[in-house]
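> Once you've had a glance at the structure underneath, I'll fire off some questions.
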Amino acid sequence: MIFTGSATALVTPFSGDGLIDEAAFCNLIDRQIQSGSSAVVVLGTTGENATITPKERSRLSAIAVEQVAGRVPLIIGTGNNSTSESIAFSVEADRLGADGLLVVGPYYNKPPQRGFKAHVAAIADATSCPIILYNVPGRTGFDASTESILEMAHEIPSVAGVKEASGDLAKVADLVQGRPEGFAVYSGDDEWTLFFLALGADGVISVVSNVLPRLMSRLVRLGLEGELKEASQVHYTLLRAMRACFLDTNPIPAKAVLAKLGYAESTLRLPLVAISAEQEEVIMSEFLTALEAEEA
Numbered sequence: 501m502i503f504t505g506s507a508t509a510l511v512t513p514f515s516g517d518g519l520i521d522e523a524a525f526c527n528l529i530d531r532q533i534q535s536g537s538s539a540v541v542v543l544g545t546t547g548e549n550a551t552i553t554p555k556e557r558s559r560l561s562a563i564a565v566e567q568v569a570g571r572v573p574l575i576i577g578t579g580n581n582s583t584s585e586s587i588a589f590s591v592e593a594d595r596l597g598a599d600g601l602l603v604v605g606p607y608y609n610k611p612p613q614r615g616f617k618a619h620v621a622a623i624a625d626a627t628s629c630p631i632i633l634y635n636v637p638g639r640t641g642f643d644a645s646t647e648s649i650l651e652m653a654h655e656i657p658s659v660a661g662v663k664e665a666s667g668d669l670a671k672v673a674d675l676v677q678g679r680p681e682g683f684a685v686y687s688g689d690d691e692w693t694l695f696f697l698a699l700g701a702d703g704v705i706s707v708v709s710n711v712l713p714r715l716m717s718r719l720v721r722l723g724l725e726g727e728l729k730e731a732s733q734v735h736y737t738l739l740r741a742m743r744a745c746f747l748d749t750n751p752i753p754a755k756a757v758l759a760k761l762g763y764a765e766s767t768l769r770l771p772l773v774a775i776s777a778e779q780e781e782v783i784m785s786e787f788l789t790a791l792e793a794e795e796a
């Protein structure tokens with residue numbers, strides 16, 4: 501298992517001119533590790549990987565490996581809807597020193613289940629780096645079935661886990677019950693994390709922890725320890741902030757809050773655009789209680 505606990509799907513900070521802010525990127529990584537996050541995920545959906553060039557991807561991956569420096573597992577998003585590109589990105593991430601690869605279900609071309617399995621198998625054949633499958637049908641238009649996920653878990657040795665964001669708790673229960681030893685099930689939606697943990701899952705790959713890493717780490721730790729009453733109290737402290745992260749397309753709200761707190765600029769790359777001042781005020785108000793608890 502690559503990790504148990506709370507991993508952060510890190511934003512990619514851009515400067516005002518749209519270039520990657522490498523200093524802010526390094527500072528965000530350090531803050532996550534110092535605040536107790538169990539792992540760091542870069543170049544995922546929250547990291548705006550769809551608008552990162554191959555050259556920037558290589559640079560960000562190398563910086564992340566160097567900055568994390570083995571303190572926690574580093575997972576790099578390498579999947580897209582082209583198998584050949586996914587293989588190339590995965591081989592490079594493995595070469596640079598990633599501890600795991602996040603491979604999203606192919607979007608737009610909507611393959612059949614057997615196509616997704618062939619896609620993952622081709623990546624696994626090209627690199628021995630552990631793979632976390634990422635099922636997020638709301639973003640991809642493709643929903644990996646329970647059967648497909650479990651078949652890959654049992655048949656492909658390097659398939660080490662799944663980030664499940666379909667919102668289907670029956671699927672989560674079936675995955676937890678049917679998985680082989682060492683295969684991790686992670687929540688891919690902050691608001692569902694407590695329920696995942698109650699069903700026996702292993703953690704979360706989180707958006708809200710970009711802003712509130714200590715609270716999310718505490719929620720997951722308590723859940724893993726079986727302290728569900730205490731975990732539910734942290735869940736309710738986080739709930740408004742969790743929901744605020746999706747008042748607009750992720751990562752727009754999270755970047756806005758990080759900018760208000762001085763950690764990075766809120767710059768996005770088109771077609772993502774900034775929120776209005778009125779929206780920003782609403783989002784900040786939704787974070788207020790959790791921010792106070794984070795610093796307590």
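This note's numbering puts the first residue of the sequence shown at 501, with every later residue one more than the last. Virtual Cβ for every residue (Gly too), placed ideally from N, Cα, C. Since we're looking at a predicted model, the values are computed, not measured.
Check for me: the alpha helix (DSSP H) holding residue 587 runs from which residue to which?
To locate residue 587, count along the sequence shown from 1; it is residue 87. That run of the alpha helix (DSSP H) goes 583-596.
> With a floor of 4 residues, list each alpha helix (DSSP H) that falls wholly inside the stretch 646-734, ordered by position along the chain.
Fully enclosed alpha helix (DSSP H) runs of 4 or longer: 646-655, 669-678, 693-698 and 713-724.
> Hey, out of 618, 726, 569 and 601, whose CA is closest to residue 663's CA?
Counted from its first residue, the sequence shown places residue 663 at position 163. The residue with the shortest Cα to Cα distance from residue 663 is 601.
> Could you check the C-alpha separation between residue 598 and residue 574 for me, to the nearest Å?
Taking the first residue of the sequence shown as 1, we reach residue 598 at position 98. Taking the first residue of the sequence shown as 1, we reach residue 574 at position 74. Their backbone Cα atoms lie some 6 angstroms apart in a straight line.
> Figure out for me which residue from 788, 513, 553 and 607 has the closest Cα to the Cα of residue 759.
The sequence position of residue 759 within the sequence shown is 259, counting from 1. Ranking 788, 513, 553 and 607 by Cα distance to residue 759 puts 513 first.
> Which residues does DSSP pair with residue 504 in a beta bridge?
Here residue 504 refers to the residue found at position 4 of the sequence shown. In the DSSP output, where bridge partners are listed per residue, residue 504 has none listed.
> Three-state secondary structure (DSSP) at residue 736?
Numbered from 1 along the sequence shown, position 236 holds the residue referred to as residue 736. Correct three-state label for residue 736: helix.
> Do residue 708 and residue 741 have their C-beta atoms closer together than 8 angstroms?
Numbered from its first residue, the sequence shown carries residue 708 at position 208. Numbered from its first residue, the sequence shown carries residue 741 at position 241. Yes, these two residues count as a Cβ contact at 8 angstroms.
> Measure the C-alpha to C-alpha separation of residue 614 and residue 723 and round it to an integer number of angstroms.
By 1-based counting over the sequence shown, the position of residue 614 is 114. By 1-based counting over the sequence shown, the position of residue 723 is 223. Taking the straight line joining both Cα atoms gives about 35 angstroms.
> Does the count of Cβ pairs from the stretch 529-537 and the stretch 629-637 closer than 8 angstroms reach three?
no
> In whole angstroms, what separates the C-alpha of residue 679 from that of residue 660?
Start at 1 with the first residue of the sequence shown, and residue 679 comes out as number 179. Start at 1 with the first residue of the sequence shown, and residue 660 comes out as number 160. Those two C-alpha atoms are separated by around 10 angstroms.
> In the DSSP assignment, what are the bridge partners of residue 600?
Here residue 600 refers to the residue found at position 100 of the sequence shown. Assignment of beta-bridge partners to residue 600 by DSSP yields 575.
> If you draw a straight line from the alpha carbon of residue 607 to that of residue 649, how long is it in whole angstroms?
For the purposes of this step, residue 607 is taken as residue 107 along the sequence shown, with counting starting at 1. For the purposes of this step, residue 649 is taken as residue 149 along the sequence shown, with counting starting at 1. Taking the straight line from one Cα to the other gives about 17 angstroms.
> With a 10 Å radius around its C-beta and 16 neighbouring C-beta atoms as the bar for buried, classify residue 786 as buried or exposed.
For the purposes of this step, residue 786 is taken as residue 286 along the sequence shown, with counting starting at 1. By the neighbour-count rule (16 or more Cβ atoms within 10 Å), residue 786 is buried.
> Near residue 784, which residues of its chain fall below 7 angstroms by C-beta distance, leaving aside the five closest residues on each side in sequence?
Within the sequence shown, the letter at position 284 stands for residue 784. Taken in chain order, the residues that qualify are 757 and 760.
> Leaving out the 5 sequence neighbours to the left and right, which residues in its chain are closer than 8 angstroms to residue 643 when beta-carbon positions are compared?
The residue you call residue 643 lines up with position 143 of the sequence shown. For residue 643, where only same-chain residues beyond five positions count, the Cβ hits under 8 angstroms are 605, 635, 637 and 666.
> Around the C-beta of residue 711, are 16 or more other C-beta atoms found within 10 angstroms, so that it is buried, or is it exposed?
Taking the sequence shown and counting its residues from 1, the one referred to as residue 711 is at position 211. So residue 711 ends up on the buried side.
> Classify residue 757 as helix, strand or coil using the three-state DSSP reduction.
Position 257 of the sequence shown, counted from the first residue, corresponds to residue 757. Here residue 757 carries a helix assignment [DSSP, helix/strand/coil].
> Are the CB atoms of residue 564 and residue 705 nearer to each other than 8 angstroms?
Within the sequence shown, numbered from 1, the residue matching residue 564 stands at position 64. Within the sequence shown, numbered from 1, the residue matching residue 705 stands at position 205. Against a cut-off of 8 angstroms, the Cβ pair of residue 705 and residue 564 comes out as no contact.
> Considering just the uninterrupted stretch of the alpha helix (DSSP H) at residue 796, what are its terminal residues?
Sequence index remark: in the sequence shown, residue 796 carries index 296 (1-based). Segment: none, residue 796 is in no alpha helix (DSSP H) and carries neither H nor E.
> Check for me: the alpha helix (DSSP H) holding residue 519 runs from which residue to which?
Along the sequence shown, one-based indexing puts residue 519 at 19. Taken as a continuous stretch (DSSP letters only), residue 519 belongs to no alpha helix (DSSP H), as it is neither H nor E.
> How would you call residue 748, buried or exposed, if buried means at least 16 neighbouring beta carbons within 10 angstroms?
In the sequence shown, counting from the first residue as 1, residue 748 sits at position 248. Buried, by the Cβ-count rule.
> Considering Cα atoms alone, identify which of 686, 691 and 610 is closest to residue 703.
Here residue 703 refers to the residue found at position 203 of the sequence shown. Among 686, 691 and 610, the Cα nearest to that of residue 703 belongs to 686.
> Name the two residues that bound the continuous alpha helix (DSSP H) containing residue 560.
Taking the first residue of the sequence shown as position 1, residue 560 is located at position 60. It spans 554-568 - the alpha helix (DSSP H) in which residue 560 sits, taken as one unbroken run.
> For the putative contact between residue 584 and residue 603, defined by C-beta atoms under 8 angstroms, what is the C-beta separation to the nearest angstrom?
Your numbering for residue 584 matches position 84 in the sequence shown. Your numbering for residue 603 matches position 103 in the sequence shown. The Cβ separation is near 14 angstroms, so there is no contact.
> Mind checking residue 590: buried by the 16 CB within 10 Å criterion, or exposed?
As a working note, residue 590 is residue 90 in the sequence shown. Its Cβ being crowded by 16 or more others within 10 Å, residue 590 is buried.
> Determine, using beta carbons only, whether residue 717 and residue 535 come nearer to each other than 8 angstroms.
Numbered from its first residue, the sequence shown carries residue 717 at position 217. Numbered from its first residue, the sequence shown carries residue 535 at position 35. Contact: yes.
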